[in-house]
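Inspection log for the structure reproduced underneath, given as structure tokens.
Residue numbers (this note's numbering): 48 to 230.
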């Protein structure tokens, strides 16, 4: 027996809320906020961004996104996973906050490596989620294709060259970084 909430969600899905309206609003809002913050399209008056131009560009970008079914599908597949990662990070930070005092919780000042590591890990997770949501064919994502290629060619020259390049870049960054400045 279907509940009224299930019927409402089914109605909204049939209406196109999840496939048209929400992806459009998400893209429009993000593009508009970026354009307003960066003022990349110019300013008018007292350093105010050009709202009408920013609105039109964001509107067109939002419409182009919902016109392409693959992008909407990728957004609908990636967002739940991204939200799960964000909730996990917030829960982790809440657990840290329980065990640290008010003064000890200044992670950016006291533990700069921790915050940098957290940003790097979250960026890698974001890339993995996006690669998994972008489909090459019907049932195969970019992540599946990359993993299959790496597994099949693990001893090949391309994969070993990439691994060597990553190790070399890490070594160069580690060796050439300057001494830490004392405050």
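Think of the CB as a built atom: it goes at the ideal place given N, C-alpha and C, for glycine as much as any other residue.
What does DSSP give as the partner residues of residue 127 in its beta bridges? Reading the chain shown from its first residue, position 80 is the one you call residue 127. Beta-bridge pairing links residue 127 to no other residue.
Using DSSP bridges, identify the partner residues of residue 188. Within the chain shown, the letter at position 141 stands for residue 188. According to DSSP, residue 188 bridges with 182.
Indicate whether residue 101 and residue 82 have their beta-carbon atoms separated by less than 8 Å. As a first step, residue 101 is located in the chain shown; it is residue number 54 there, counting from the start. As a first step, residue 82 is located in the chain shown; it is residue number 35 there, counting from the start. Their beta carbons are under 8 Å apart, which means residue 101 touches residue 82 by this criterion.
Determine contact between the stretch 104-117 and the stretch 57-76, defined as no fewer than three beta-carbon pairs at a distance below 8 Å. yes
If I measure Cβ to Cβ from residue 224 and keep anything under 6 Å in the same chain, skipping five residues before and after, which residues do I get? Looking up residue 224 in the chain shown gives position 177. Counting only Cβ-Cβ distances below 6 Å, and skipping sequence neighbours, we find nothing.
I'd like to check one pair, residue 184 with residue 124: are the Cβ atoms closer than 8 Å? Working through the chain shown from its first residue, we reach residue 124 at position 77. Working through the chain shown from its first residue, we reach residue 184 at position 137. No, the Cβ-Cβ distance between residue 124 and residue 184 is not below 8 Å.
When burial is assigned at 16 or more other CB atoms within 10 Å of the CB, is residue 170 buried or exposed? Taking the chain shown and counting its residues from 1, the one referred to as residue 170 is at position 123. Exposed: under 16 other Cβ atoms inside 10 Å.
When DSSP builds the beta bridges, which residues end up paired with residue 96? The residue given as residue 96 occupies position 49 in the chain shown. Bridge partners of residue 96: 90.
Give a yes or no on whether the C-beta atoms belonging to residue 198 and residue 129 are separated by under 8 Å. Within the chain shown, residue 198 is the residue found at index 151, counting from 1. Within the chain shown, residue 129 is the residue found at index 82, counting from 1. No, these two residues do not count as a Cβ contact at 8 Å.
Nearest-angstrom Cβ-Cβ length linking residue 88 and residue 68, presumed shorter than 8 Å: For this step, residue 88 is matched to residue 41 along the chain shown. For this step, residue 68 is matched to residue 21 along the chain shown. About 26 Å separates the two Cβ atoms, so there is no contact after all.
Using a threshold of 8 Å, state whether the C-beta atoms of residue 70 and residue 119 are closer than that. On the chain shown, residue 70 is found 23 positions in, with the first residue counted as 1. On the chain shown, residue 119 is found 72 positions in, with the first residue counted as 1. Contact: yes.
What does the alpha-carbon distance come out to for the pair residue 140 and residue 154? Mapped onto the chain shown, residue 140 falls at position 93. Mapped onto the chain shown, residue 154 falls at position 107. Cα to Cα, residue 140 sits roughly 10 Å from residue 154.
Note down the Cα distance separating residue 61 from residue 142, rounded to an integer number of angstroms. Along the chain shown, one-based indexing puts residue 61 at 14. Along the chain shown, one-based indexing puts residue 142 at 95. Approximately 40 Å, taken between the alpha carbons.
Rounded to the nearest angstrom, what separates residue 132 and residue 116 at their Cα positions? On the chain shown, position 85 is the one that residue 132 refers to. On the chain shown, position 69 is the one that residue 116 refers to. Looking at the two C-alpha atoms, the distance is approximately 25 Å.
Local Cβ density within 10 Å of residue 127, reported as buried at 16 or more and exposed below that: Indexing the chain shown from 1 puts residue 127 at position 80. The residue in question, residue 127, is exposed, as its Cβ has fewer than 16 Cβ neighbours within 10 Å.
For residue 64, which residues in the same chain have their Cβ closer than 8 Å to its Cβ, ignoring the five residues on either side in sequence? Here residue 64 refers to the residue found at position 17 when the chain shown is read from its first residue. Within the same chain, residue 64 has no close Cβ partners at all.
How long is the line joining the alpha carbons of residue 188 and residue 178, rounded to whole angstroms? Residue mapping note: residue 188 aligns to position 141 of the chain shown, counting from 1. Residue mapping note: residue 178 aligns to position 131 of the chain shown, counting from 1. Distance between the alpha carbons of residue 188 and residue 178 is about 7 Å.
Quick one: using the 10 Å Cβ neighbour count with 16 as the cut-off for buried, is residue 122 buried or exposed? As a first step, residue 122 is located in the chain shown; it is residue number 75 there, counting from the start. Label assigned to residue 122: buried.
Within 8 Å, strictly: CB atoms of residue 90 and residue 97: Reading the chain shown from its first residue, position 43 is the one you call residue 90. Reading the chain shown from its first residue, position 50 is the one you call residue 97. Contact: yes.
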